Structure formats: C-alpha cells, structure tokens
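Residue numbers (our numbering): 1134 to 1576.
Written as structure tokens, this is what we have:
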C-alpha cells in the first residue's frame, strides 16, 4: 500500500470496528514521514481540513471537488466528514467548516457518503451528515450540511447523534425541522440508552412523543425502564404523556411489567401516583409485590396461586439479578424468602450493563456497586468465589466497578470489604487498582 492510501485509511474512521474508535497516532506517524501528502491529494487535504490546499485544488480543477479516489473511492467531502481529525482534533474545527463549505460551493453533495456493505443484517448507507452529527458530534459542520440540503433521516444519524452528553449537534438536527417522527422517536429512545436527563428533557419539550413505537419495537419509556434509567427520567416521560400500560411491539411487555421484572419499586410507585393501575397477573404480579415489599400482596398471591411461586423459583435467577442490579435489597429479600436460590444463575446476562452470562445476583450487585444489596446477598449465603461466564468473581467485579465503570459516582470500598470478610479469593483481581482505599484492603 502506498503512503497516501495508508494515510487516508489511518485518518478515516475504521470500517472494521466502531467508527468512534481509534486514535490519530498511525496517521500522524505517516504524515510525519511524508509531509508532502496533503499537497498531492485533495482527499488527504480534505481529511486534514487544509482549506488553503483544497481551494488550490479546486481552482486548478473544479471537478476535483467531487472526484472519487483514495483507498475507499470516496469523494473529498466524505473523507472530510469521516475524518478522525474531525472528531479528535477540535483545534481544526473552524478549518473543517471552511473546507466543507469550499467543497459544497464547488458542487459537492451534502448527501454524499458510502455504503457499508458488511453491515449486518443488511448494507447500510453511511451519510456525510452521520459522520458530522453521529460520529464527530460537530454542530457547526452539521448546520452547514443541513443548510446545503443534507437529509438527516437515514438510519444512522438519528441512532448515533444521541451518543453524547454534548447535545449541540443533536439540537441542530432537531431544530432544522427536517426530522420525521420515526427519527425523533429513535433519538428519544437512544437518549435513554445514555441516561441523559437533559437531552431527554430537551426532546420532550420539543414535542417528541414518548409513546412513539420505534423500529426497535420499544417506546422511549420501555427503553428507559429496560436500561434502568433514573426515576427523574421516568417521571419526565410520564409528565409528557408516556403510557406505562402500552405494550411493546417487540415482546408484548408493558412498561409496568418491565418495571416489575426489574424490581423498580420507585417506577411502580410513580405509575400509581399518576393513576396508572399496576394491574398485573401471574408471575409479573408476584414480582411487582416483591419489588414493592408488599408482604400482604405476596402472601395473598402465594396462597391463591402456588404455581406462580414454583414458576418464580424455577426461573428466579433473572429477577434476582435484575432486582440486585437496581439495588432493591428489600425485593431481593422477598425473592429469597419465596425460595429463589441465592446462587441461581442469570443465564443470559445483560450485555448493555456488561453483565456476563451465567452471572449470579452477587456478581451483578458487586459490579453495579449496589453495596447494601451485595452485603445482604453475602449474608444469605451467596457464593463469594463463583465465576461468571467470563471467569470473573464478585470481588474482581467489585474492584472493577470502582475504577472502570459508568457508575463510579457510587464508588466505595464497602463491597470489596464485605467480600474479603466473607473469604473471597483475590485470584484474578486487579491489583493495584489505582483506588487507594481498595488497594489497602487487597494488600
């Protein structure tokens, strides 16, 4: 491969892994060894936002603004919008906008892009505006492309633009007035994946419907509950008309059922306060009673429907782990008292939260920094040295939760101390972890 093609590959988003992954190290090394490259190719000049060079190329040959070339056979604007420099080197931000404007004014299409043919289950169109708004989250470039006719209603842009807490580019898309209802519904659902209260509040205030059934078969409220969003997010959706009784098109579960299955006593109480009857049947009714620590309700159901208790015991690993993940210690207590095995396995795990298959509730409580719940599970005899399908013990996960998790606001040595007191082995545990209080316990 020649140096120019190698540079353009290194300077562009990767096509064989996540588009937001990687660094500029390889591109910078190639450029240092071959500093003349930007002056030899409009594609390289565009990827680097060398607006002076791009202007020179266009003045010498106007067709170069739309010419395809380089290792991916992209036009210059596509290399620009999918440049790693756009995402990673914000000092070039204004130059990227100037360069893109030069290309657009010279005839480049704001709807350019490329097909990712290896995307499953079908090839996917990767548009320039997806690169700007969904990968780089670059508001000014997004605004420029919109102003030149870019259509943001492809599948990628609404899906990926919410993947940040900097909502400037997302707001440009919304305020353009171009997004169709399906795109807006996708954005609201995806903001639930990011637990972004500010972003969710903004979209709701702009009139996005929380009851919109997305192409994934869930509404935004379904997703907020599936992803264990805060009560503040759930209530924001309820305040804007979200219906917790609406069934999912994907699995038929209502928001009320999802809340019951995940031990969300707070959400169930919020539904009831707003007049939504928590009217469930069978196992879901029993789980709701356990989640709410409703002793009378549990007793009544268990006496009237003993087969439901048998069903719970047979499949108890999943609700026990999901209650533990939400820190519902009282609910965990109720499940165990009904006969669920404290060592029962969560066979599927939960990829969203990084919970491996064949975890148990103690793995989940330790990993998600639910310290009170972890201590209670240990007290009830949870196996402290059990390994999940990735070979990790609760202690290894408790340490990892302190130093490499999305919920480090709950960081505490409590679970580590409780596990060590219960005889947990330190084999395979990160040490030193970088968290002094935990390292003192491990040493």
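Even glycine gets a Cβ: it sits at the ideal position worked out from N, Cα and C.
Please read these numbers as outputs of a predicted model, since none were measured by experiment.
DSSP three-state assignment for residue i, whether helix, strand or coil
i            : result
residue 1192 : helix
residue 1561 : coil
residue 1145 : strand
residue 1207 : strand
residue 1387 : strand
residue 1516 : coil
residue 1545 : coil
residue 1527 : helix
residue 1216 : strand
residue 1374 : coil
residue 1171 : helix
residue 1185 : helix
Member of the options whose CA lies at the smallest distance from the CA of residue i
i            : options                : result
residue 1571 : 1536, 1357, 1162       : 1536
residue 1310 : 1350, 1299, 1339       : 1339
residue 1296 : 1280, 1282, 1264       : 1264
residue 1452 : 1391, 1504, 1486, 1499 : 1391
residue 1538 : 1408, 1501, 1378       : 1501
residue 1332 : 1344, 1345, 1318       : 1318
residue 1514 : 1254, 1530, 1470       : 1470
residue 1374 : 1345, 1396, 1356, 1386 : 1345
residue 1268 : 1247, 1302, 1528       : 1302
residue 1461 : 1400, 1201, 1237, 1551 : 1400
residue 1473 : 1486, 1463, 1493, 1450 : 1450
residue 1477 : 1151, 1211, 1519       : 1519
residue 1396 : 1557, 1282, 1360       : 1360
residue 1347 : 1406, 1325, 1367       : 1325
residue 1239 : 1196, 1215, 1223, 1280 : 1196
residue 1201 : 1365, 1168, 1430, 1242 : 1242
residue 1237 : 1282, 1498, 1173       : 1282
residue 1288 : 1323, 1300, 1553       : 1323
residue 1528 : 1540, 1558, 1503, 1230 : 1558
residue 1556 : 1576, 1562, 1564, 1517 : 1517
residue 1279 : 1304, 1298, 1255, 1300 : 1304
Supposed close pair residue i, residue j - CB separation, criterion 8 angstroms
i            : j            : result
residue 1141 : residue 1209 : That pair is no contact at about 11 angstroms.
residue 1136 : residue 1163 : 6 angstroms
residue 1363 : residue 1409 : Incorrect: roughly 19 angstroms between the Cβ atoms, too far for contact.
residue 1293 : residue 1226 : Wrong, their Cβ atoms sit about 19 angstroms apart, outside the cutoff.
residue 1232 : residue 1177 : About 12 angstroms; that fails the 8 angstroms criterion.
residue 1357 : residue 1367 : 6 angstroms
residue 1250 : residue 1260 : The pair is not a contact, with the Cβ atoms about 15 angstroms apart (cut-off 8 angstroms).
residue 1166 : residue 1143 : Their Cβ separation, rounded to whole angstroms, is 12 angstroms, which puts residue 1166 and residue 1143 out of contact at 8 angstroms.
residue 1492 : residue 1454 : 6 angstroms
residue 1506 : residue 1457 : 5 angstroms
Closer than 9 angstroms to chain B by CB, residue i
i            : result
residue 1192 : Protein chain content of the structure displayed is limited to a single chain, and chain B is not contained in it.
Near the ligand COA: residue i beta-carbon under 8 angstroms from a heavy atom
i            : result
residue 1255 : The ligand content of the structure shown is nil, which means the ligand COA is not present either.
Legend entry - Uninterrupted alpha helix (DSSP H) stretches inside the segment 1245 to 1315 (no shorter than 4 residues): 1272 to 1280, 1289 to 1293, 1301 to 1308
Legend entry - Contiguous alpha helix (DSSP H) assignments of at least 4 residues, all confined to the segment 1419 to 1493: 1428 to 1437, 1439 to 1447, 1450 to 1458, 1462 to 1470
Inset, instruction - With a floor of 4 residues, list each alpha helix (DSSP H) that falls wholly inside the segment 1312 to 1369, ordered by position along the chain. - result: 1314 to 1326, 1330 to 1338, 1353 to 1359
Inset, instruction - Determine contact between the segment 1270 to 1287 and the segment 1296 to 1313, defined as no fewer than three beta-carbon pairs at a distance below 8 angstroms. - result: yes
Inset, instruction - Indicate whether the contact test is met: 3 or more Cβ pairs, each with one atom in the segment 1403 to 1421 and one in the segment 1476 to 1483, closer than 8 angstroms. - result: no
Inset, instruction - Pair every Cβ in the segment 1426 to 1435 with every Cβ in the segment 1402 to 1414, then say whether three or more of these pairs are closer than 8 angstroms. - result: no
Legend entry - Unbroken stretches of the alpha helix (DSSP H), 4 residues or longer, contained in the segment 1389 to 1416: 1398 to 1406
Legend entry - Meets three-Cβ-pair contact criterion under 8 angstroms: the segment 1181 to 1195 and the segment 1148 to 1156: no
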